[in-house]
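Letter by letter, the sequence shown follows residues 1 to 455 of our numbering.
Ideal placement from N, C-alpha and C gives every residue a C-beta, glycine not left out.
Model, not experiment: these values are computed from the prediction.
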Amino acid sequence: MRGHVPTPDRLADKMVEKLFRDNPPEDGERILYPGCGRGPFISAVHRYCDSNDFPVPEGVAVEIDPELYEDARKRHKDKEVEFLERDFLTDSDGLDKFEYVLGNPPYIPIEGLEEDEKGRYRREFETAEGRFDLYVLFFEQAIDLLSSGGRLCFVTPEKFEYTETTAALRRVLASSGVEEIHHVDEDSFEGLVTYPTVTVIDADGRNETRVVGRDGEVRDVDLPDDGSSWAAAVRGGEPDIETGVTLGDVCRRISCGVATGADKVFVMDREEAPPQLDDWTYPTTSGKQLRINDGPESGQVFVCPYDADGRLPSRDELGDFGDWASLYRERLEDRSCYEKGKQVWYGWHENPPMDDILQRKLLCKDVTEEPHFWRDDSGEVVPRHSVYYLIPEEGVDIEELQEYLNSGDAQAWLEANCQRAANGFLRLQSTVMKQLPVPEQFGHHRQSTLTAETG
Ligand SMILES: C[S@@+](CC[C@H](N)C(=O)[O-])C[C@H]1O[C@@H](n2cnc3c(N)ncnc32)[C@H](O)[C@@H]1O
């Protein structure tokens with residue numbers, strides 16, 4: 001069963017109310033249930049129409065999984081619904097337009113897709129960008145099938161509001177008309193969906209969007225329609241993150257990657273690195289490569305003269321590295337950062353803290369349209385100058401910290417607090433990042449460290 005996460009009745013009922021709010025169904029109208037699973041939305045629509053004495057719109061329910069399809073058909077055999085066992089994304093033959101679309105699309109990240117599927121989606125969907133998720137394509141396909149003035153209500157994770165890979169989806173949604181974004185309770189799916197969000201599209205191209213926060217606060221906002229992040233608009237600027245703990249408290253280092261003054265000499269494609277330099281090379285990435293490769297694997301290596309403690313060996317300890325570097329001596333002495341007499345010609349501007357760098361770490365681009373944090377699990381990547389690296393304190397869960405840093409709250413805080421570069425991009429300086437509030441849970445490591453020290 002691909003991406004089957006059933007919707008609890010309580011949430012399904014809430015979504016039906018939103019779908020029909022100020023817009024009750026009329027005779028002859030149609031509703032689409034894409035990826036219908038066992039059909040909780042079909043039941044919810046019937047409950048709502050029966051208790052309000054509204055006509056039930058004619059339904060079409062699409063499900064790819066034969067077992068779920070059979071089960072849904074049996075459960076709802078007495079209802080006004082046509083069931084189709086097919087792939088909603090690749091086969092919309094004969095579906096025509098609908099006044100309503102209601103669903104909880106599958107959450108299947110790109111890693112769960114076959115190569116040929118990925119290629120096909122990339123060709124056919126405007127929103128299949130970068131590391132897309134299937135729910136993004138469900139949005140696009142469903143909006144395509146919405147009649148003018150029709151309404152759609154989906155529950156999905158909230159990430160599409162701010163990640164770079166969902167920029168095209170934000171453009172599609174904004175141009176269609178986002179009526180409401182409701183950040184529903186985190187336990188709506190008993191923890192199976194992170195930050196669940198209900199989105200209502202009213203395909204009349206409206207401008208204002210009602211945002212309902214998890215604390216129940218309601219605001220009307222203008223969402224950007226150019227694909228840029230909605231984080232700040234949805235959260236009303238700088239989020240109020242109640243905590244006494246900052247990122248600086250839970251990281252033992254937040255620093256800029258190494259500056260050599262001659263990356264053209266020290267950085268090369270892995271296949272081009274002379275084999276005798278194996279012991280002197282480390283994988284590396286620039287900020288731009290982090291973004292393009294969606295992670296630190298760039299295929300390039302750094303030839304690094306420093307040992308694992310950050311010490312620069314003397315010329316006679318250099319061996320093969322020394323022979324290789326001598327070929328570039330003139331070029332290295334020509335670096336603007338090189339001061340003859342004060343510096344060693346094959347060294348870098350500053351001794352890199354290799355013992356910190358060679359750890360599991362988080363990486364982010366220094367100047368970016370939208371902040372994003374990746375993980376180097378190998379602990380071997382030596383980041384270049386256009387990358388910041390973050391080494392969490394012992395006891396801080398690096399995966400949870402990464403998830404928080406990529407969350408809407410952290411993104412909105414960074415957008416509100418980071419300096420802007422000339423093109424409107426954000427500069428992620430370490431002094432600012434250190435002040436980013438983080439949930440109390442990340443500070444608990446301090447408590448346990450103190451207890452261990454005093455106990
Ligand atoms: C998150 S579940 C939600 C199911 C149901 N709507 C509910 O709310 O309980 C997503 C559903 O989409 C179905 N699905 C996944 N890929 C699909 C596709 N390409 N076409 C049609 N259905 C699909 C899954 O089998 C699953 O039942």
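Strictly by DSSP, which residues pair up with residue i?
i    : result
T199 : F154 and I181
A61  : Y33 and F83
F302 : V267 and Y282
W374 : L363
K340 : Q343
P192 : The question names Pro, but residue 192 is Leu in the sequence shown. According to DSSP, L192 bridges with nothing at all.
P274 : DSSP output for P274 lists no bridge partner at all.
S463 : Examination of residue 463 is not possible in this model, given that the chain is present from 1 through 455 alone.
F98  : L146
P383 : T285
T368 : L426
What is the DSSP secondary structure of residue i, reduced to helix, strand or coil?
i    : result
K434 : coil
G103 : strand
S176 : helix
L134 : helix
Y328 : coil
Q419 : strand
F41  : helix
L113 : coil
R235 : helix
T7   : coil
G455 : Unreliable positioning characterises G455 in this predicted model, as indicated by a pLDDT of 49, which lies under 50. A coordinate reading is not provided.
D220 : strand
V396 : coil
V245 : coil
V250 : helix
L358 : coil
F442 : helix
V212 : strand
W413 : helix
R335 : coil
H46  : helix
E186 : coil
D320 : helix
V456 : Shown here, the chain extends from 1 to 455; a query on residue 456 therefore has no answer.
N52  : helix
Is the shortest distance between the beta-carbon of residue i and the beta-carbons of chain B less than 9 angstroms?
i    : result
V250 : Considering every chain present, this structure includes no chain B. It has just one protein chain.
To the nearest angstrom, how far is the alpha carbon of residue i from that of residue j?
i    : j    : result
W460 : G322 : No answer is possible for residue 460: the residues shown for the chain start at 1 and end at 455.
G455 : H444 : Reliability fails at G455, whose pLDDT of 49 lies under 50, so the model's placement of it is uncertain and the value that follows must be treated cautiously. Roughly 16 angstroms separates the two Cα atoms.
A308 : D355 : 6 angstroms
T90  : I108 : 16 angstroms
L95  : F125 : 18 angstroms
P66  : G3   : 14 angstroms
D409 : R235 : 8 angstroms
W230 : P196 : 16 angstroms
M15  : I110 : 27 angstroms
S430 : Q411 : 15 angstroms
E85  : F138 : 16 angstroms
K361 : Q435 : 19 angstroms
I42  : G59  : 8 angstroms
R47  : G237 : 39 angstroms
C337 : G261 : 7 angstroms
G28  : P57  : 7 angstroms
E271 : F302 : 12 angstroms
K365 : S286 : 8 angstroms
G112 : V432 : 36 angstroms
H76  : F154 : 21 angstroms
E339 : R329 : 14 angstroms
A421 : S228 : 16 angstroms
E26  : I143 : 20 angstroms
F160 : V81  : 30 angstroms
I398 : C251 : 10 angstroms
Quick one: is the Cβ of residue i within less than 8 angstroms of any heavy atom of ligand 2?
i  : result
H4 : Ligand 2 is not part of the structure shown, which contains ligand 1 as its ligands.
*Would you check if the stretch 257–271 and the stretch 384–396 touch, i.e. whether three or more CB-CB distances between them fall below 8 angstroms?*
yes
*asked:* Could you check whether the stretch 400–408 touches the stretch 219–228, counting it as contact only if at least three pairs of C-beta atoms, one from each stretch, sit closer than 8 angstroms?
replied: Cβ pair count under 8 angstroms is below three, so no.
*Three or more C-beta pairs closer than 8 angstroms, one from the stretch 23–37 and one from the stretch 97–104: is that the case here?*
yes
*asked:* Any contact between the stretch 127–142 and the stretch 152–169? By contact I mean 3 or more CB pairs, one from each, below 8 angstroms.
replied: yes
*Would you be able to state if there are at least three C-beta pairs under 8 angstroms between the stretch 169–186 and the stretch 8–23?*
yes
*Contact between the stretch 340–359 and the stretch 294–314 (3+ Cβ pairs under 8 angstroms)*: yes
*asked:* So, does the stretch 237–256 touch the stretch 388–395, judging by three or more C-beta pairs under 8 angstroms?
replied: Short answer: they touch.
_Meets three-Cβ-pair contact criterion under 8 angstroms: the stretch 373–381 and the stretch 291–308_ = yes
*Touch check for the stretch 193–209 and the stretch 169–180: three-plus C-beta pairs under 8 angstroms?*
yes
*Is the number of C-beta pairs between the stretch 425–432 and the stretch 356–370 that are closer than 8 angstroms three or more?*
yes
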